[in-house]
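What follows is a short report on a single structure.
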Amino acid sequence: MTTALSGRDVAQRLSDQFPNMVNLCDGSCLWVKPEAVAEVAKFLRDTPGLDFDYLASLTAVDFWDHFDVVYHLASLQRNHTLVLRCQLPGRQNLALPSVVDVWRGADLQEREAYDMFGIQFTGHPNMKRLLTWEGFPGHPLRKDWL
Amino acid sequence: MALRTEPIVVNMGPQHPATHGVFRMRVTLDGEVITDLEPVMGYLHRGVEKLAEARTYTQFIPLTDRMDYLSSMSNNLAYVLAVEKLAGVEAPPRAQYLRVIMAEMMRISNHLMAVGTFLDDMGAFHTPLLYMFREREKLLDLFEMVCGQRLTYNYMRIGGLSHDIPPEFLPALKKFVRDMPGFVDEYDQLIRENEIVLARTRGVGVLPRALAINASASGPVLRGSGVKWDLRKTDPYLVYDKLEFDVPTGAVGDIYDRYRVRIEEMRQSVRILEQAIERLPPGEVRSDVPHLVHPPRGEVYGHIEAPKGELGFYLVSDTGIAPYRCHIRPPSLINLTALRDMVLGMKIADAIITLGSIDIVLGEVDR
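Chains A and B are the protein sequences, given in the same order.
For the first sequence, my numbering begins at 18 and goes up steadily by one.
For the second sequence, my numbering begins at 1155 and goes up steadily by one.
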């Protein structure tokens, strides 16, 4: 049976490595500052005991005054999961580092999130729209797009 | 005199029979050898996730049918399980067993199509596919008996099923379960040691184990690469923890391994069906859930082992009657991540069977 790791517990393991980069953690999620997400992802993947080798899902949610980028991680070795989240304030110039170098599975999913929400993933080798065409007006899954 | 050569770019698709729908592979060729490949998709994009935000939880169920239309029942199941997790309701035992029966019938039906069209891509033109259609027809008849539809079932409901099975369903299913292993053996015998199949599939389209995990592959693609990972075992839902079955895996991660995994999974699904029919309890098939569900504020990620891999629904609720956000994690799309790595340096004809061995449905890739 899969165990869901508590964000608070994982945050304690991260606090030495990444001071001030982890915030707001509760039982269900691990919140990190957007600029640190790629390094935190690498740490989560490579630290024995955490071993998050599998990115199950990557997506974003529009909350009007901010966007959340949500990563559902899993460890196939240890059969546990973790929800990693980043909050991007505002609605313009949204960007955070790409995790493609950590998990290749993020490739198409980050492109989809860019296409649907207009969030730039810096460092992605091929950051362009996935489902709609080049020149499509706006980003359809934003709440203000009709 | 030196021969002048130059790489050429070929667009395979979007209208091309080997792409199983409207999918485009932008292939760069050096002679017959693939030096680059870029998948291009979105031709069937209907904005399902946006549509979900404007419909009640129940109204969205028919739209899930239209994603992976070769395994609609599994899509129904993944969605209703996620909503049930969000709303904190559970289906009654009879409905849970019936859901397992439907999901495993769907898996057999999907793998029949997957293997049939894959051999079609290899050049065994339509004969193996029509063998598969013959068996799939029996399954579609069973689905029609249950819910009146052959492709888009809309059978699951939040908290159970739309209605109970008719009395003639179980005898017909028992007959199918009796006949199916013999058919799989007969079919596999024709293919397993066929020299042409072996030459075309052994060591072709290899997805190494480490890359399969790193590229978030799932389902038969992941298991073909030797990873024993099946959500029915590792994160059991419904009553799968009470049923006995094995998880077949490959060794090399080539096309042949993925084919073997699918054939074995059909045998295992028959085993599950036998047990589920035997233990099917009497009783209600739908718990008392109001038509308009108001889940509490929060979010949930529910996933199941659909025939093509991990199908996940990420739902965010703001206590309204429609999801605030509904994200679908489609196995078909994410399994395509490693397509380029699988075909680099191969011949152009291998790209087609590699794509066939991944088993994609464009309704799900594009949503």
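Just so it is clear, CB atoms sit at the ideal spot from N, CA and C, and this is done for glycine as well.
| query | result |
| --- | --- |
| Is the Cβ-Cβ distance between Leu-1224 (chain B) and Val-1515 (chain B) less than 9 Å? | yes |
| Do Leu-1487 (chain B) and Glu-129 (chain A) count as a contact pair if the criterion is CB distance below 9 Å? | yes |
| Give the range of the alpha helix (DSSP H) segment to which Tyr-1309 (chain B) is assigned. | Tyr-1309 (chain B) -> no alpha helix (DSSP H), and no H or E assigned at all. |
| Quick check: what's the CA-CA separation for Val-1360 (chain B) versus Ala-1156 (chain B)? | 34 Å |
| List the whole-angstrom C-beta distance separating Gly-1407 (chain B) from Gly-1380 (chain B), where the pair is believed to meet the contact cut-off of C-beta under 8 Å. | 6 Å |
| For Leu-79 (chain A), which of helix, strand or coil comes out of DSSP? | Reading off the sequence, residue 79 (chain A) comes out as Asp, not Leu. Three-state result, Asp-79 (chain A): strand. |
| Counting only runs of 3+ residues fully inside the segment 112-147 of chain A, write out the beta strand (DSSP E) ranges in chain order. | 112-114, 137-139 |
| Strictly by DSSP, which residues pair up with Cys-46 (chain A)? | A:Val-100 |
| Rounded to a whole number of angstroms, what is the C-alpha to C-alpha distance between Ala-91 (chain A) and Tyr-1468 (chain B)? | 15 Å |
| Can you tell me whether Pro-1216 (chain B) is helix, strand or coil according to DSSP? | helix |
| Do you know whose CA, among B:Leu-1498, B:Leu-1352, B:Pro-1484, B:His-1457, lies nearest His-1199 (chain B)'s CA? | B:Pro-1484 |
| Taking Cβ positions, are Phe-1214 (chain B) and Ile-1507 (chain B) nearer each other than 9 Å? | no |
| Can you check whether the C-beta of Thr-19 (chain A) is within less than 9 Å of a C-beta belonging to chain B? | yes |
| Let me know the secondary structure DSSP gives Tyr-1455 (chain B) once reduced to three states. | strand |
| I'd like to know whether the C-beta of Tyr-131 (chain A) is nearer than 9 Å to at least one C-beta of chain B. | no |
| Determine the direct distance from the alpha carbon of Arg-1421 (chain B) to that of Thr-1306 (chain B), and round the result to whole angstroms. | 25 Å |
| Output, in sequence order along the chain, the residues in the segment 109-126 of chain A whose CB is closer than 9 Å to any CB in chain B. | Val-119, Trp-120, Arg-121, Gly-122, Ala-123, Asp-124, Leu-125, Gln-126 |
| Determine the contact status of Ala-1241 (chain B) and Val-1424 (chain B), defining contact as a CB-CB distance below 9 Å. | no |
| If we call anything under 9 Å between Cβ atoms a contact, is Tyr-1410 (chain B) one with Arg-1356 (chain B)? | yes |
| Anything in chain B within Cβ reach of Tyr-88 (chain A), meaning under 8 Å, just list it in chain order. | Chain B residues near Tyr-88 (chain A): none, gap ~11 Å exceeds 8 Å. |
| State the Cα-Cα distance for the pair Leu-113 (chain A) and Thr-1218 (chain B), rounded to the nearest angstrom. | 31 Å |
| What runs of the beta strand (DSSP E), each 3 residues or longer, lie entirely inside the segment 1447-1493 of chain B? | 1452-1460, 1463-1471, 1479-1483 |
| Using 9 Å as the limit for Cβ to Cβ distance, is Ala-55 (chain A) near chain B? | no |
| Per DSSP, what kind of secondary structure is Tyr-1527 (chain B) in: helix, strand or coil? | Outside the modelled stretch of chain B, which goes from 1155 to 1521, sits residue 1527 (chain B), for which no answer is possible. |
| Please list, in chain order, the chain B residues whose beta carbon lies closer than 9 Å to that of Val-78 (chain A). | Glu-1453, Tyr-1468, Val-1470, Tyr-1478, Arg-1479, His-1481 |
| Say whether chain B places a C-beta atom closer than 9 Å to the C-beta of Asp-70 (chain A). | yes |
| With distances taken from CA atoms, which of B:Ala-1353, B:Asp-1395, B:Gln-1303, B:Gly-1185 is nearest Ser-1226 (chain B)? | B:Gln-1303 |
| Could you give the C-beta distance for Ile-1417 (chain B) and Val-1358 (chain B), rounded to a whole number, given that I count them as a contact under 8 Å? | With 8 Å as the limit, Ile-1417 (chain B) and Val-1358 (chain B) do not qualify as a contact, their Cβ atoms being about 18 Å apart. |
| Using CA atoms only, rank isn't needed, just tell me which of A:Gly-122, A:Leu-75, A:Asp-70 is closest to Leu-93 (chain A). | A:Asp-70 |
| Going along the segment 127-156 of chain A in order, which residues come within less than 9 Å of chain B, judged by CB to CB distance? | Glu-129, Asp-132, Met-133, Asn-143, Arg-146, Leu-147, Leu-148, Thr-149, Trp-150 |
| Hey, quick one: how far does the alpha helix (DSSP H) through Met-1221 (chain B) stretch, first residue to last? | Element bounds for Met-1221 (chain B): n/a, residue is neither H nor E. |
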